[in-house]
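As structure tokens, the structure follows; a few thoughts come after it.
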Amino acid sequence: MQLLIQLLSDKGVLFDSGLTAEEVYRIETRYDVAFPPDLKALLQKALPMSDGFVNWRLGLESEVENEKVLERLGWPLEGMLFDVQWNGLWIKIWGDKPDSVEDQFQRVREKFKVLPKLIPIYSHRYIPSRPYESGNPVFSVYQMDIIYYGYDLATYLANEFQIELPKEFDLLENPKREIEFWSNWVDEGSRI
906 MQLLIQLLSD
916 KGVLFDSGLT
926 AEEVYRIETR
936 YDVAFPPDLK
946 ALLQKALPMS
956 DGFVNWRLGL
966 ESEVENEKVL
976 ERLGWPLEGM
986 LFDVQWNGLW
996 IKIWGDKPDS
1006 VEDQFQRVRE
1016 KFKVLPKLIP
1026 IYSHRYIPSR
1036 PYESGNPVFS
1046 VYQMDIIYYG
1056 YDLATYLANE
1066 FQIELPKEFD
1076 LLENPKREIE
1086 FWSNWVDEGS
1096 RI
């Protein structure tokens, strides 16, 4: 992890001291998230502070920053609802499409609640909270335009910040694991 942090620092990413175990607990409790082990390890070793990263620590200390964290956590759902209302998005797994937009939103919110929560890392890049394991893929999420942006946290950061990772990072050719709904959406889109 230290090598990855150094490579990011060399690209201009600024870091603060890592989150303490107490801060992680408070963040996970406040925002109802569970950082996957690899993301948690990074955040506890050194907290990225450059523009675009989520300022988890300040989210605990400032109402303004708390609102920013909540906005970033809500981005995937808001994008989905936008596409339902303005682009006619409706997928089979949601069942029959209700007549009113309000009822459509209610159905989408119900379905969304059971999906693996997407945790923001940087900009509109997200890592799923489930399964609670290292090696989850990272998705780029802009409304329902969703693609893989890294097959795990390390390859994502390498892609985002144009870093060449050494061989010990064991780079993957394909996504290591399928993530409920999100991987299917990337592969099949509205046909799911």
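To convert, count from 1 in the sequence shown and add 905; that's the working numbering. All C-beta atoms, glycine included, are put in the ideal place defined by N, C-alpha and C.
Please indicate yes or no: does the CB of residue i lie closer than 7 Å to some heavy atom of the ligand SAH?
i	result
Glu976	With respect to small molecules bound, the structure shown includes none, and the ligand SAH cannot be examined in it.
Can you round the beta-carbon distance between residue i and residue j to whole angstroms, since I take them to be within the 8 Å contact cut?
i	j	result
Pro942	Ser1039	5 Å
Tyr1061	Arg1030	7 Å
Arg1110	Leu965	Residue 1110 lies beyond the range of the chain shown here (906 to 1097); nothing can be said about it.
Cα-Cα, which of the options is closest to residue i?
i	options	result
Gln1048	Met954, Leu1062 and Gly993	Gly993
Ile1097	Trp999, Arg962, Gly917 and Leu912	Trp999
Ala1072	Ile1084, Arg1082, Glu1083 and Ala1059	Before going on, a small fix: residue 1072 reads as Lys here, not Ala. Closest by alpha carbon: Ala1059.
Ser1045	Ile1026, Ala946 and Ser1005	Ile1026
Glu1093	Asp1057, Tyr1053 and Ile1068	Tyr1053
Gly984	Glu970, Glu966, Phe1010 and Val969	Phe1010
Pro874	Arg962, Asn1041 and His1029	Here the chain covers residues 906 to 1097 and nothing more, so residue 874 does not appear.
Asp956	Glu970, Ser1028 and Ile1068	Ser1028
Ile1024	Ile932, Gln949 and Ser914	Ile932
Ala946	Leu908, Tyr1056, Gly1055 and Arg935	Leu908
Phe1017	Leu913, Ile1084, Tyr1056 and Leu982	Leu982
Lys950	Glu928, Asp1008, Gln1067 and Asp1001	Glu928
List the endpoints of the continuous beta strand (DSSP E) containing residue i.
i	result
Val1013	Val1013 -> not in any beta strand (DSSP E); alpha helix (DSSP H) instead, spanning Val1006 to Lys1018.
Val1043	Val1043 to Tyr1047
Pro953	Ala951 to Pro953
Ser922	Phe920 to Ser922
Asp1050	Asp1050 to Gly1055
To the nearest angstrom, how far is it from the Cα of residue i to the Cα of residue j?
i	j	result
Tyr953	Pro1003	In the sequence on display, residue 953 carries Pro and not Tyr. So the alpha carbons of these two residues sit roughly 43 Å apart.
Met906	Ile1032	17 Å
Gly979	Glu1065	22 Å
Phe987	Lys973	19 Å
Arg1014	Val918	35 Å
Glu1069	Ala1063	6 Å
Glu970	Lys997	37 Å
Leu912	Val1006	47 Å
Gly923	Glu968	21 Å
Asn1089	Gly1055	16 Å
Asp915	Gln1067	11 Å
Val1019	Asp921	33 Å
I'd like to know whether the C-beta atoms of residue i and residue j end up nearer to each other than 8 Å.
i	j	result
Arg977	Val989	no
Trp1087	Ile1051	yes
Tyr1037	Ala939	yes
Trp961	Leu944	no
State the start and end residues of the unbroken alpha helix (DSSP H) segment that holds residue i.
i	result
Pro981	Glu968 to Asn992
Ile1032	Careful: Ile1032 lies outside any alpha helix (DSSP H), inside the beta strand (DSSP E) at Arg1030 to Pro1033.
Ile932	Ala926 to Tyr936
Leu1023	Looking at the DSSP string, Leu1023 is not in any alpha helix (DSSP H); the run it does join, the beta strand (DSSP E), is Leu1023 to Tyr1027.
Asp1092	Trp1087 to Glu1093
Ile910	Gln907 to Asp915
Tyr1061	Leu1058 to Phe1066
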